[in-house]
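**Q** Shown below is the structure under consideration.
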Amino acid sequence: MNRRGPGKLVYLTLLAVVFFSSIPLYFSLVVASHDNSVIGQVPPPLLPGPNLLENVRRVFETVPFGAALVNSLIVSGTVTASVVLFSTLAGFAFARLKFRASNALLVIVVATMMVPTQLGIIPLYIMMSEIGWTDSLQAVIVPALVNAFGVFFMTQYLREALPVELIEAGRVDGASTRRLFWNVVLPIARPAAAVLGMLTFLTAWNDYFWPLVVLSSPENYTVQVALSNLRSGYVTDFSLALTGALLATVPLLLAFVVLGRHIIGGIMQGAVKG
Amino acid sequence: MPTALTASPPTRKPEPARRPPARRLRDRFYWWDLRVSPYLYISPFFLVFAAFGLFPLGYTAWVSLHDWSLLGDDHSFIGLGNYQQMLADPYFWNALRNTVSILVLGTVPQLLLAIGLAHLLNARLRGQTFFRMGMLLPNVASVVAIAIIFSQLFGRDFGVINWVLEMLGVGRIDWHAGVASSHIAIAVMVIWQWTGYNALIYLAAMQAVPDELYESAKLDGASALQQLRKITIPMIRPTIIFTVVISTIFGLQVFAQPQLFARSAADSITGGSSRQFQTLTLYLYEHAFNRGFQFGYASATAWLMFLLIVVAVVINYLLVRRIRSAS
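Top line first, the protein sequences correspond to chains A and B. For the first sequence, the working numbering gives the first residue as 4, with consecutive numbering after it. For the second sequence, the working numbering gives the first residue as 1266, with consecutive numbering after it.
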């Protein structure tokens, strides 16, 4: 690490980066809070206007955005709970249980992170129509129930945070593996589980390609699919489209402001050995 | 890595032969628990991934050898027919060129920028958390929202970017219309979304580099730039390889940005009126879901993309590996 204090130029550069990171979001607020006629003016408006609520109302009128929000909550909530549980279970096994081929299996888990599963979308679609799941939320949920990154992340964390002695002591007391998991592992895994939960929720909430393909009726849309529909139907209605974009992003931005430092910690933790 | 399991079970051996049946049952449970539980715990991942990740990908190869449409029940085997047809389609080659162009334009500046930013962040800064959060902000927005926002920013008539360019005397650019301009616009979306994220990953790796290396370099009078080139980059080489590989894998599958960058519903499938920004995934999507469900043909596209990704990853890996390792 550079131990000398950085100069003004470093701060200016970093401030510029933060500026460019936030300016597109600011401009979407500007466009979302104006009437379409104002946006066509030269120079374009640079400050937020009075029409935000009116535009929000139009978004909910144009697509079933309320249903989309509920659907996205159901999908992201279920996926998050499942990924966290299964990742912690597998992470516990890889970090502290002894079994044959455990190292090789962990290598396989890491390798699967690189498999472009998106390319299997056509057989996935065929499978879903065989079992009658197309245009339903479970078609979006079930393939996302597990996640290789989660398994890897929890394994790394538990290898450091879960003392071998605790497991040994539990074994001596005759605790079953299941008891150990619930009473010893879960409490210790909680901080990492929270970070993994946030990252998973974010990914599930923002998922687009597969939901777009498999969901066809508007009442089943997730937020991202509803958002894309908002746009394709009304090409020039920028106020409407950007209000939708803002509505889909603001909940995450609020969560990010509150939990951001933990999310950053999680990304950096997952990266070190990646 | 020693674990508890080697220690506890054998202690039960010396017990006398006649034990109460309940005890024996519990021992048997204990034995099973030790051997079976680990597999039980890792099985959900492997089962779900095999069923919904690996199997569909493998099955894609099988479907690609058939004249397979969702609408008809007759899936006749046609060997490599789909591949022949695709390789003869100029639109496929167009999509391949566009994809590679957007990948290079979006990834190379992004990762270079990220390394530079991580280097700046890797100092005694005030407001570390503020800068890190500011940088990660774009990553929170969905790719759909980002594509919609930038599509407006890059608008020909009302976009802020053209307004700024006009003020600077450059003049307006019809970003959507040209090949190069639309690729640049899409690459900017990718760069905007992912630079901060990769900077954090590099920063994490840089923080693991021992201080002493920099101390002695400074004694030798090495400048900050020399330190970056001669110490930091070789030391974080594994992380660089990792990010290059991951960016390549995802970059070759780029879909939402070009789809939503388009100005009309028809353009969003063809990637512009003259297919100037149709990527391979968009090409696949067009054939699979917008042209009578040509699943066989689209599967051939998917499988070729898979091979392309493998080749690109290997090439990138070999290229990046040439960074001299620090030892």
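Where a beta carbon is used, it is the ideal one built from N, C-alpha and C, also for glycine. Model, not experiment: these values are computed from the prediction.
Which partner residues of S1341 of chain B appear in the DSSP bridge assignment?
**A** Beta-bridge pairing links S1341 of chain B to B:D1332.
**Q** Using a Cβ cut-off of 7 angstroms (strictly closer), state whether A35 of chain A contacts chain B.
**A** Taking Cβ atoms only, chain B never reaches closer than 7 angstroms to A35 of chain A, which makes this a no.
**Q** Please classify R1540 of chain B as buried or exposed, where buried requires at least 16 neighbouring CB atoms within 10 angstroms.
**A** Looking at its Cβ environment, which holds 16 or more other Cβ atoms inside 10 Å, R1540 of chain B is buried.
**Q** If you run the structure through DSSP and keep just helix, strand and coil, what is L1361 of chain B?
**A** Looking at L1361 of chain B - three-state DSSP - the assignment turns out to be helix.
**Q** From the beta carbon of W1428 of chain B, is the nearest beta carbon of chain A less than 7 angstroms away?
**A** Closer than 7 angstroms to some Cβ of chain A, the Cβ of W1428 of chain B qualifies, so yes.
**Q** With distance defined between alpha-carbon atoms, name the residue in B:Q1375, B:R1391, B:A1353, B:G1420 nearest to N47 of chain A.
**A** One detail in the question is off: residue 47 of chain A reads as Pro in this sequence, not Asn. The shortest C-alpha separation from P47 of chain A is found at B:G1420.
**Q** Whole angstroms is fine: what's the gap from I124 of chain A's alpha carbon to W1459 of chain B's?
**A** I124 of chain A and W1459 of chain B: Cα-Cα distance of roughly 24 angstroms.
**Q** Per DSSP, which one or two residues make a beta bridge with Q1522 of chain B?
**A** DSSP output for Q1522 of chain B lists no bridge partner at all.
**Q** Buried or exposed: I1588 of chain B, going by 16 or more other Cβ atoms within 10 Å of its Cβ?
**A** The residue is exposed, with fewer than 16 neighbouring Cβ atoms inside 10 Å.
**Q** Does the distance from the C-beta atom of F1558 of chain B to that of S1407 of chain B stay below 7 angstroms?
**A** In this structure, S1407 of chain B does not lie closer than 7 angstroms to F1558 of chain B by Cβ.
**Q** Chain B beta carbons: is any one of them nearer than 7 angstroms to that of F259 of chain A?
**A** Yes, contact with chain B.
**Q** Going along chain B in order, which residues have a C-beta closer than 7 angstroms to the C-beta of S24 of chain A?
**A** Simply G1399, M1400, L1402, P1403, G1461.
**Q** Between the region 125-138 of chain A and the region 53-70 of chain A, do at least 3 Cβ pairs fall closer than 8 angstroms?
**A** Judged by Cβ distances under 8 angstroms, the region 125-138 of chain A makes no contact with the region 53-70 of chain A, as fewer than three pairs qualify.
**Q** Are the Cβ atoms of F1461 of chain B and T1372 of chain B separated by less than 7 angstroms?
**A** Contrary to the premise, residue 1461 of chain B reads as Gly rather than Phe in this sequence. Their beta carbons are not under 7 angstroms apart, which means G1461 of chain B does not touch T1372 of chain B by this criterion.
**Q** Counting only Cβ pairs nearer than 9 angstroms, list the residues of chain A close to W1457 of chain B.
**A** Simply F23, S24, P27.
**Q** Within 10 angstroms of its Cβ, does F22 of chain A collect 16 or more other Cβ (buried), or is it exposed?
**A** Result: exposed.
**Q** Residues of chain A with a CB under 7 angstroms from the CB of M1570 of chain B: which are they?
**A** Chain A residues near M1570 of chain B: L122.
**Q** Where does Q1559 of chain B fall in DSSP's three states?
**A** Reduced to three states, the DSSP call for Q1559 of chain B is strand.
**Q** Please list, in chain order, all residues of the same chain as Q1518 of chain B whose beta carbon is under 6 angstroms from its beta carbon, the five residues on each side excluded.
**A** Answer for Q1518 of chain B: T1546, listed in chain order.
**Q** Among B:G1399, B:I1343, B:R1289, whose alpha-carbon lies nearest the alpha-carbon of R264 of chain A?
**A** That would be B:G1399, whose Cα lies nearest to the Cα of R264 of chain A.
**Q** Using a 10 Å radius around the Cβ and a threshold of 16 neighbouring Cβ atoms, would you call S1416 of chain B buried or exposed?
**A** It counts as buried.
**Q** Using alpha carbons as the reference points, say which of A:L245, A:M116, A:R234 lies closest to R1528 of chain B.
**A** The shortest Cα separation from R1528 of chain B among A:L245, A:M116, A:R234 belongs to A:R234.
**Q** Quick one: what does DSSP say A1388 of chain B is sitting in, helix, strand or coil?
**A** A1388 of chain B falls in the strand class under three-state DSSP.
**Q** Are the C-beta of S79 of chain A and some C-beta of chain B separated by less than 7 angstroms?
**A** It does not; no Cβ of chain B falls within 7 angstroms.
**Q** If we count the other Cβ atoms within 10 Å of its Cβ and call it buried at 16 or more, is D1476 of chain B buried or exposed?
**A** Classification of D1476 of chain B: exposed, given that the 10 Å Cβ count is below 16.
**Q** Along the region 10-21 of chain A, where does the CB come closer than 9 angstroms to a CB of chain C? Name the residues.
**A** Absent from the structure: chain C. Protein chains present are A and B.
**Q** Based on Cα-Cα distance, which residue from B:R1362, B:A1487, B:I1411, B:V1455 lies nearest to V1444 of chain B?
**A** Ranking the options by Cα distance to V1444 of chain B, first place goes to B:R1362.
**Q** Measuring only the C-alpha atoms, how far is G1536 of chain B from A258 of chain A?
**A** Their Cα atoms are separated by approximately 34 angstroms.
**Q** Using a Cβ-Cβ cutoff of less than 7 angstroms, which residues in the same chain neighbour P1275 of chain B once the five nearest sequence positions on both sides are dropped?
**A** Interpretation of P1275 of chain B is limited by its pLDDT of 45, a score under 50 that renders its predicted location unreliable; no figure is taken from the coordinates.
**Q** Mind listing the chain A neighbours of D1354 of chain B? Cutoff is C-beta to C-beta under 7 angstroms, in chain order.
**A** By Cβ distance, chain A contributes nothing, its closest Cβ being about 18 angstroms from D1354 of chain B, past 7 angstroms.
**Q** Answer yes or no: do M157 of chain A and S85 of chain A have a C-beta to C-beta separation smaller than 7 angstroms?
**A** No, these two residues do not count as a Cβ contact at 7 angstroms.
**Q** With a threshold of 8 angstroms on Cβ separation, who are the neighbours of A1326 of chain B within its own chain once the five nearest residues in sequence on each side are excluded?
**A** Hits under 8 angstroms: S1564, W1568.
**Q** Kindly give me the distance between the Cβ atoms of L161 of chain A and M201 of chain A, rounded to whole angstroms, as I take these residues to be in contact under 8 angstroms.
**A** That belief does not hold up - the Cβ atoms of L161 of chain A and M201 of chain A are roughly 18 angstroms apart, past 8 angstroms.
**Q** Work out the CA separation of G1346 of chain B and I1514 of chain B for me, nearest whole Å.
**A** One C-alpha to the other measures close to 27 angstroms.
**Q** Taking 7 angstroms as the CB-CB cut-off, is I267 of chain A touching chain B?
**A** Answer yes: the Cβ-Cβ gap between I267 of chain A and chain B drops below 7 angstroms somewhere.
**Q** Leaving out the 5 sequence neighbours to the left and right, which residues in its chain are closer than 7 angstroms to L1270 of chain B when beta-carbon positions are compared?
**A** Below a pLDDT of 50, predicted positions are generally treated as unreliable, and L1270 of chain B, at 40, falls in that range; no measurement from the model is reported.
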